[in-house]
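Data first, discussion second: the structure below is written as structure tokens.
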Amino acid sequence: MDLATLIGIIFGVTLLGGAIVMDGNAIIFYNLRSILIVIGGTLAGTMISYSLGELLKIPALVRIAFQTHQLDSDEIIDLMVGFAEKARREGLLALEQDVVNINDDFLQKGIQLVVDGTDPELVRNIMETKLTFLEERHGKGRSIMATMGQLAPAFGMIGTLIGLIQMLSELDDPSKLGGGMAVALITTLYGALLANLLFIPLAGKLKERSEDEILTKEVIIEGVLSIQAGENPRIVDEKLRAFLAEDVHTGQSAGAEMDTMAVGDNA
Amino acid sequence: MDLATLIGIIFGVTLLGGAIVMDGNAIIFYNLRSILIVIGGTLAGTMISYSLGELLKIPALVRIAFQTHQLDSDEIIDLMVGFAEKARREGLLALEQDVVNINDDFLQKGIQLVVDGTDPELVRNIMETKLTFLEERHGKGRSIMATMGQLAPAFGMIGTLIGLIQMLSELDDPSKLGGGMAVALITTLYGALLANLLFIPLAGKLKERSEDEILTKEVIIEGVLSIQAGENPRIVDEKLRAFLAEDVHTGQSAGAEMDTMAVGDNA
Amino acid sequence: MDLATLIGIIFGVTLLGGAIVMDGNAIIFYNLRSILIVIGGTLAGTMISYSLGELLKIPALVRIAFQTHQLDSDEIIDLMVGFAEKARREGLLALEQDVVNINDDFLQKGIQLVVDGTDPELVRNIMETKLTFLEERHGKGRSIMATMGQLAPAFGMIGTLIGLIQMLSELDDPSKLGGGMAVALITTLYGALLANLLFIPLAGKLKERSEDEILTKEVIIEGVLSIQAGENPRIVDEKLRAFLAEDVHTGQSAGAEMDTMAVGDNA
Amino acid sequence: MDLATLIGIIFGVTLLGGAIVMDGNAIIFYNLRSILIVIGGTLAGTMISYSLGELLKIPALVRIAFQTHQLDSDEIIDLMVGFAEKARREGLLALEQDVVNINDDFLQKGIQLVVDGTDPELVRNIMETKLTFLEERHGKGRSIMATMGQLAPAFGMIGTLIGLIQMLSELDDPSKLGGGMAVALITTLYGALLANLLFIPLAGKLKERSEDEILTKEVIIEGVLSIQAGENPRIVDEKLRAFLAEDVHTGQSAGAEMDTMAVGDNA
Amino acid sequence: MDLATLIGIIFGVTLLGGAIVMDGNAIIFYNLRSILIVIGGTLAGTMISYSLGELLKIPALVRIAFQTHQLDSDEIIDLMVGFAEKARREGLLALEQDVVNINDDFLQKGIQLVVDGTDPELVRNIMETKLTFLEERHGKGRSIMATMGQLAPAFGMIGTLIGLIQMLSELDDPSKLGGGMAVALITTLYGALLANLLFIPLAGKLKERSEDEILTKEVIIEGVLSIQAGENPRIVDEKLRAFLAEDVHTGQSAGAEMDTMAVGDNA
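First to last, the protein sequences are chains A, B, C, D and E. Here our numbering is used: the first residue of the first sequence is 38, the next is one more, and so on. Here our numbering is used: the first residue of the second sequence is 38, the next is one more, and so on. Here our numbering is used: the first residue of the third sequence is 38, the next is one more, and so on. Here our numbering is used: the first residue of the fourth sequence is 38, the next is one more, and so on. Here our numbering is used: the first residue of the fifth sequence is 38, the next is one more, and so on.
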């Protein structure tokens with residue numbers, strides 16, 4: 038599980054729930070009609086924008102956002118450097134027996150192409166085309182979340198307008214104005230909460246996940262082509278780690294930067 | 038029919054209609070003047086922005102959004118792989134008799150150019166130019182919808198301003214304030230509904246349709262050039278399927294990803 | 038005249054005027070001070086943003102938006118295909134006598150360069166540089182309209198703020214609140230109308246005009262270079278029509294798409 | 038002086054001032070605290086965003102916006118065509134004596150590099166690098182103005198919120214509500230005026246200035262490289278004027294377009 | 038310390054604090070629940086958007102914004118020009134003894150690669166890959182700040198909605214309306230202040246820092262490759278200073294421009 042996403046949602050809900058309860062009666066914040074308008078309207082708008090096939094992926098998208106990122110780039114680089122050594126010693130065909138044991142589909146496909154003696158240009162072509170479509174698929178998932186993040190506040194406002202029009206047109210006793218407005222505003226609140234605590238942050242998280250996955254796939258393409266070209270395993274290692282270095286060391290190096298800077302300050 | 042679009046609109050209208058009826062008198066939500074201002078203003082602004090020719094395409098645009106996407110990319114790839122085999126065996130001229138039977142205009146034009154012995158560079162040139170203009174035409178259709186999605190809320194607000202100014206300037210009995218405001222707000226509601234339940238989602242749907250069609254056309258260009266180059270049919274097949282693989286397997290692979298991840302969670 | 042632009046404005050004004058008159062007293066919508074603030078403020082902001090030379094082009098911009106698009110691309114292609122034939126038969130110098138009769142400045146300049154024996158690379162260079170600056174000039178015209186479309190609502194709001202501050206600070210009789218607010222809101226209405234019925238749609242129309250003109254000029258560049266290269270007139274024709282095909286057939290092909298689809302629906 | 042900028046500001050201030058005075062008491066629009074909040078908050082936010090060095094350039098930026106554009110591109114082209122002739126006749130070294138008399142730093146540097154016998158690739162490299170950084174510097178200046186144009190309305194709203202909270206929390210006499218709201222709204226008015234009459238239009242003007250200067254520098258790079266390459270002076274002239282043609286003839290040609298079109302209309 | 042950032046924050050807080058105190062009771066601006074909603078909600082949304090690793094870098098990001106920029110590009114260029122001279126005289130291997138003394142990690146890595154005899158193409162490859170990931174890391178830091186700058190006002194509005202709904206639904210004594218609204222608006226004020234005085238300006242400052250650092254790294258890449266290519270030290274110097282010239286002279290040259298222009302004005 039990705040703790041940040043889960044903790045974030047629990048923390049946000051607890052906090053806002055607490056703020057609501059702290060000051061009195063929580064029941065006034067529940068309104069079935071408002072839920073129907075905001076969630077229903079958002080779903081309706083999303084259904085019109087995307088095909089059914091895309092919509093059925095929403096639950097999968099949400100689950101992906103909650104998963105810990107498990108691609109171990111270091112392991113994949115070690116694997117590819119090993120292949121590079123073996124290919125240099127025993128030839129590319131010797132990799133055939135390793136193909137079945139690779140548990141990353143993308144790397145497996147790449148090595149298979151190399152073993153089959155496919156032209157390097159075509160290997161790059163096929164793998165980059167696959168990566169391009171992965172990016173597009175990820176982009177579509179993200180854009181569904183972002184669309185929901187735009188529609189939710191819009192339908193929140195629509196619900197409030199409906200409530201206001203009903204309330205105002207039937208207003209005979211001015212003392213009921215306050216209560217009516219309170220009910221009307223609940224829909225706006227629902228829309229704002231759904232967008233800012235759910236849809237927009239989840240779209241952000243999907244973007245981050247996607248970038249990580251694409252980076253790993255770029256490393257794999259570079260590595261497969263280096264193996265095919267029979268490059269020196271040491272150089273393959275150096276080249277592939279350049280892709281990841283910053284990412285892996287970020288925590289450390291950011292800390293290091295800060296330390297040096299802090300020292301500079303004291304001086 | 039594209040079920041998602043139709044179901045989305047029916048669902049959205051039913052739901053919002055239900056929410057309105059649920060709480061009382063639906064007749065207060067009908068206002069002829071508001072309809073005139075929002076729809077008329079939106080059409081007027083769109084007419085000024087685009088030429089008449091473009092405007093007359095709006096009904097066709099709406100219909101396209103309701104169509105199920107019918108391009109069967111797999112079938113087109115099979116057809117092209119078949120052409121590649123025939124061309125290798127019997128030469129490019131042998132494709133002449135197949136040209137008339139191709140029921141995709143774009144592919145037909147491409148094969149015709151190949152049969153005519155056009156220079157490959159020029160074939161690519163002509164087909165890519167055609168694709169570029171298809172993209173532009175699609176982009177224009179989408180931008181008409183998006184323009185309407187911007188103008189509708191603007192004229193909704195304009196109608197509310199007109200209503201408020203009239204009501205406030207003639208206000209002698211404060212008890213009528215509520216009813217007057219209710220009527221004034223209806224125009225804003227119409228504008229928001231048209232934009233968020235119709236124009237903006239339809240613009241999104243047109244974008245998705247356009248991307249599908251452009252992808253298929255890119256596959257066709259790649260395939261026609263491979264046929265002309267006399268490439269190995271097996272490799273043509275491999276190359277073209279790389280374009281589609283992710284799209285076709287998405288459902289499955291997303292599911293697969295989830296499963297592995299879910300297993301990882303339980304472990 | 039471009040009917041869409043004119044009809045759009047007349048339609049919009051009539052409709053909104055009708056909506057105003059329909060419900061009573063139209064005179065309350067006239068306010069000189071509001072006109073001064075919105076139009077004056079918008080002009081002032083635009084004057085600060087652009088140089089005087091640019092501002093004096095506004096009337097010309099507006100007129101362009103009302104013109105029917107008269108560039109006949111088919112005629113220009115026919116002309117260029119004719120030149121290509123003549124150049125092949127009689128040599129490039131034979132075009133000299135035709136130069137003076139060309140009534141498109143851009144094509145004339147191009148053929149003149151070819152007749153002068155200018156290096157093809159330089160011909161492309163000069164013509165593309167000219168086109169780039171045409172695009173920039175068009176872009177500037179459009180951005181003036183877009184700037185006015187942003188400033189008008191801003192000064193509408195500024196006028197309303199001024200009205201509200203005056204009214205509220207002198208409010209002794211609460212019964213006058215309504216009338217005061219009505220007057221204050223008129224400025225916002227003016228700003229919204231000017232932006233959504235005039236400036237923003239006109240900016241859109243200028244964009245469409247510009248795209249048409251640039252497309253024709255791109256066809257001319259391609260044609261002039263083909264003539265200079267002595268390409269086969271039939272291929273020149275084919276290449277240039279690829280640029281326009283979609284544009285010319287749009288109506289038809291959109292209709293055709295619809296028909297096939299409609300048939301598919303009934304089936 | 039750039040008349041448009043100055044006239045625009047005077048006109049805008051006069052007009053809005055007039056609109057304020059026209060309807061009564063101008064003194065109610067003066068509020069020291071509102072000035073402090075809007076101007077102070079905008080400056081504070083800008084100071085945090087940019088380094089001190091950048092901030093000290095604001096007065097220079099404002100002055101640049103008021104300057105008439107004085108780069109005479111025609112003169113620079115004449116000068117370079119003259120150099121091209123001299124270089125062809127007497128060799129590149131003959132330009133050495135002219136270098137000190139060039140009063141444009143960028144052209145001077147370019148000719149110096151040519152005289153020094155620098156490799157053409159490196160000349161282009163150095164001059165384009167310089168131009169890139171000029172663009173970045175201009176972009177930064179513009180972004181400071183644009184940042185202020187965003188912060189001013191934000192702090193206007195912040196000031197109004199502060200005023201409303203104070204006023205509402207101490208409200209015992211409802212009849213004072215109007216006056217309190219009037220005062221609170223003044224800050225929003227200040228923010229909107231500063232942004233729409235000053236910061237945003239000045240950012241626009243800086244953009245226009247920057248584009249002019251960059252265009253001239255591009256012409257200089259092209260010219261210096263042509264001189265170094267020993268190109269025919271007549272062709273150098275032709276090539277460089279292609280950059281400027283549209284700009285210089287704009288007024289005329291826009292007029293010409295209109296005339297032909299107008300004639301077409303009458304016909 | 039970066040004075041602008043610190044002074045900006047102190048100045049902004051003092052000024053707004055002063056404006057609040059000036060007019061009375063400051064205590065009404067303190068509300069614990071509002072702080073919890075705005076800060077808690079913003080943190081929750083940010084946690085959902087980013088992984089835990091990214092969030093823990095926020096304090097480091099803030100500290101970086103407060104640091105004075107300490108990269109002395111001139112010193113680095115001098116160092117590299119020195120290396121270029123030494124490498125020309127004594128060969129690339131002679132640089133080995135200098136590597137350990139370089140206190141810039143990026144330059145050290147580059148020289149090490151050169152000393153190791155790595156292929157120039159690969160040196161550029163590795164260094165540019167590292168730079169690309171530095172840019173991405175910086176971009177992510179900035180986007181965290183920008184996300185917080187968007188979420189803070191959103192949760193400010195959410196808090197105000199919660200407050201309004203509670204207040205209105207329990208409103209029995211209309212005289213308490215003012216006080217209730219004052220409390221509800223405080224959350225909006227907090228959100229607007231955090232965004233406009235902290236998050237958005239800090240995101241801007243991080244962008245400026247990042248651009249400076251990337252520029253220096255680009256200079257280093259260019260320099261390392263020139264050293265490896267054995268270029269003339271004088272030309273290396275010239276080439277590298279072209280990157281920085283504008284930046285270093287900005288103050289002066291902007292001043293110079295102003296002077297000339299001012300003189301032009303007086304004339």
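C-beta: ideal position from N, C-alpha, C; glycine also. Treat the numbers as computed from the prediction; the structure is a model and nothing was measured.
**Request:** Check Leu150/C in the structure and name its three-state DSSP category.
**Result:** Against the third sequence, residue 150/C aligns to sequence position 113. Here Leu150/C sits in helix by DSSP.
**Request:** Give me the Cα-Cα distance between Leu73/D and Ala56/E, rounded to the nearest whole angstrom.
**Result:** Start at 1 with the first residue of the fourth sequence, and residue 73/D comes out as number 36. Start at 1 with the first residue of the fifth sequence, and residue 56/E comes out as number 19. Distance between the alpha carbons of Leu73/D and Ala56/E is about 8 Å.
**Prompt:** Tyr87/D touches chain E at which residues, Cβ-Cβ below 8 Å?
**Reply:** Counted from its first residue, the fourth sequence places residue 87/D at position 50. Ordered by position in chain E, the residues that pass the 8 Å Cβ test against Tyr87/D are Ala41, Gly241, Lys242, Glu245.
**Prompt:** Taking the Cβ atom as the reference point for each residue, do Lys242/E and Ala131/E lie within a distance shorter than 8 Å?
**Reply:** Residue mapping note: residue 242/E aligns to position 205 of the fifth sequence, counting from 1. Residue mapping note: residue 131/E aligns to position 94 of the fifth sequence, counting from 1. Contact flag unset, no.
**Message:** Counting C-beta neighbours from all protein chains within 10 Å, is the total for Lys345/B 16 or more, i.e. buried, or is it exposed?
**Reply:** Because residue 345/B is not part of the residues shown, which for chain B are 38 to 304, the question remains open.
**Asked** Going straight from the alpha carbon of Leu98/E to that of Lys177/E, what length do you get?
**Response** Within the fifth sequence, numbered from 1, the residue matching residue 98/E stands at position 61. Within the fifth sequence, numbered from 1, the residue matching residue 177/E stands at position 140. Their backbone Cα atoms lie some 10 Å apart in a straight line.
**Item:** Beta carbon of Ile193/B nearer than 8 Å to that of Ile85/A
**Value:** On the second sequence, residue 193/B is found 156 positions in, with the first residue counted as 1. On the first sequence, residue 85/A is found 48 positions in, with the first residue counted as 1. Checking the sequence shown, residue 193/B turns out to be Gly, not Ile. Going by C-beta atoms, Gly193/B is not nearer than 8 Å to Ile85/A.
**Request:** Check whether the stretch 159-175 of chain C touches the stretch 211-219 of chain C, counting contact only when three or more Cβ pairs, one atom from each stretch, lie closer than 8 Å.
**Result:** no
**Request:** Thinking Ile113/C and Leu144/C are a contact (beta carbons under 8 Å), I'd like their distance in whole angstroms, please.
**Result:** Stepping through the third sequence from its first residue, residue 113/C is reached at position 76. Stepping through the third sequence from its first residue, residue 144/C is reached at position 107. Ile113/C to Leu144/C, Cβ: 7 Å. Contact.
**Request:** With DSSP collapsed to three states, give me the class of Tyr227/B.
**Result:** To locate residue 227/B, count along the second sequence from 1; it is residue 190. Tyr227/B: helix per DSSP, three-state reduction.
**Prompt:** Residue ranges of each alpha helix (DSSP H) run of no fewer than 4 residues wholly in the stretch 194-277 of chain C, ordered along the chain?
**Reply:** 214-231, 237-265
**Spatial neighbours of Glu283/D in its chain, beta-carbon cut-off 7 Å, leaving aside the 5 residues before and after** = For the purposes of this step, residue 283/D is taken as residue 246 along the fourth sequence, with counting starting at 1. Its pLDDT being 48, under 50, Glu283/D is placed unreliably in this model, and the value from its coordinates should be taken loosely. Nothing listed; no residue qualifies.
**Request:** Can you give me the Cβ contacts of Ala266/D inside the same chain, cut-off strictly under 8 Å, excluding the 5 residues immediately before and after it?
**Result:** As a working note, residue 266/D is residue 229 in the fourth sequence. Answer for Ala266/D: Pro157, listed in chain order.
**Prompt:** Distance, Cα to Cα, Ile76/E vs Val50/A?
**Reply:** Against the fifth sequence, residue 76/E aligns to sequence position 39. Against the first sequence, residue 50/A aligns to sequence position 13. Each residue's alpha carbon lies about 13 Å from the other.
**Message:** Three Cβ pairs or more, each shorter than 8 Å: is that satisfied between the stretch 190-205 of chain A and the stretch 254-262 of chain A?
**Reply:** no
**Message:** So, at 6 Å on beta carbons, what are the nonlocal neighbours of Ile223/B in its own chain, with the 5 sequence-adjacent residues on each side left out?
**Reply:** By 1-based counting over the second sequence, the position of residue 223/B is 186. Contacts found: Asn68, Ser71.
**Request:** Scan the stretch 213-233 of chain B for residues whose Cβ lies nearer than 9 Å to a Cβ of chain A and list them as they occur along the chain.
**Result:** Leu214, Gly215, Gly216, Gly217, Met218, Ala219, Val220, Leu222, Ile223, Thr225, Leu226, Ala229, Leu230, Ala232, Asn233
**Message:** Using the three-state DSSP reduction, which class does Ile139/C fall into: helix, strand or coil?
**Reply:** One-based indexing of the third sequence puts residue 139/C at position 102. DSSP places Ile139/C in coil when its eight states are reduced to three.
**Prompt:** Of all the CB atoms in chain D, is at least one closer than 8 Å to the CB of Ile57/E?
**Reply:** Residue mapping note: residue 57/E aligns to position 20 of the fifth sequence, counting from 1. It does; some Cβ of chain D falls within 8 Å.
**Request:** Give the secondary structure of Gln104/A by DSSP, where H, G and I count as helix, E and B as strand, and everything else as coil.
**Result:** Walking along the first sequence from the start, residue 104/A turns up at place 67. Coil at Gln104/A, not helix or strand.
**Request:** Please report how far the alpha carbon of Thr79/E lies from the alpha carbon of Met185/A, in whole angstroms.
**Result:** Within the fifth sequence, numbered from 1, the residue matching residue 79/E stands at position 42. Within the first sequence, numbered from 1, the residue matching residue 185/A stands at position 148. Approximately 19 Å, taken between the alpha carbons.
**Prompt:** The alpha helix (DSSP H) with Gly78/D in it runs from where to where?
**Reply:** By 1-based counting over the fourth sequence, the position of residue 78/D is 41. Its alpha helix (DSSP H) spans residues 78-86.
**Prompt:** Sorted by chain position, which residues of the same chain lie with C-beta nearer than 7 Å to Tyr227/A's C-beta, five sequence neighbours on each side aside?
**Reply:** To locate residue 227/A, count along the first sequence from 1; it is residue 190. Excluding positions up to five away in sequence, the list reads Ser71, Ile72, Val75, Gly193.
**Asked** Among Ile264/A, Arg278/A, Asp249/A, which has the Cα closest to the Cα of Gln104/A?
**Response** In the first sequence, counting from the first residue as 1, residue 104/A sits at position 67. Comparing Cα positions, the closest option is Asp249/A.
**Prompt:** Mapping DSSP to helix, strand and coil, what is Gly128/D?
**Reply:** For this step, residue 128/D is matched to residue 91 along the fourth sequence. Reduced to three states, the DSSP call for Gly128/D is coil.
**Message:** Tell me which residue opens and which closes the alpha helix (DSSP H) that Val75/B is part of.
**Reply:** Here the question's residue 75/B lines up with position 38 in the second sequence. Segment: none, Val75/B is in no alpha helix (DSSP H) and carries neither H nor E.
**Message:** In this structure, how does DSSP classify Lys123/C when only helix, strand and coil are distinguished?
**Reply:** To locate residue 123/C, count along the third sequence from 1; it is residue 86. Lys123/C falls in the helix class under three-state DSSP.
**Message:** Does any residue of chain A have a CB that is nearer than 8 Å to the CB of Met117/E?
**Reply:** Locating residue 117/E in the fifth sequence gives position 80, counting from the first residue. So no, Met117/E is outside the interface.
**Asked** Would you say Val58/A touches the ligand MN, meaning its beta carbon is less than 7 Å from a heavy atom?
**Response** You won't find the ligand MN in this model; it holds no ligand whatsoever.
**Message:** Whole angstroms are fine: how far does the CA of Gly154/D sit from the CA of Gly260/E?
**Reply:** Residue mapping note: residue 260/E aligns to position 223 of the fifth sequence, counting from 1. Residue mapping note: residue 154/D aligns to position 117 of the fourth sequence, counting from 1. About 22 Å.
**Request:** For Asn140/E, count neighbouring Cβ atoms within 10 angstroms of its own Cβ and tell me buried if that reaches 16, exposed if not.
**Result:** Here residue 140/E refers to the residue found at position 103 of the fifth sequence. Classification for Asn140/E: exposed.
**Residues from the stretch 156-174 of chain B in contact with chain A, defined by Cβ distance under 8 Å** = none
**Item:** Buried/exposed call for Ala219/A, threshold 16 Cβ in 10 Å
**Value:** Taking the first sequence and counting its residues from 1, one reaches residue 219/A at position 182. Its Cβ being crowded by 16 or more others within 10 Å, Ala219/A is buried.
**Request:** Would you verify that the beta carbon of Ala279/C is, or is not, closer than 8 Å to some beta carbon of chain B?
**Result:** Here residue 279/C is taken as the residue at index 242 of the third sequence, counted from 1. Yes, Ala279/C counts as interfacial toward chain B.
**Asked** Taking Gly119/D as the reference, which of Ile148/D, Lys167/D, Glu207/D has the closest Cα?
**Response** Here residue 119/D is taken as the residue at index 82 of the fourth sequence, counted from 1. Of the candidates Ile148/D, Lys167/D, Glu207/D, the one whose C-alpha sits nearest the C-alpha of Gly119/D is Ile148/D.
**Message:** Any beta carbon of chain B sitting closer than 8 Å to that of Ile44/A?
**Reply:** Numbered from its first residue, the first sequence carries residue 44/A at position 7. Answer no: the Cβ-Cβ gap between Ile44/A and chain B never drops below 8 Å.
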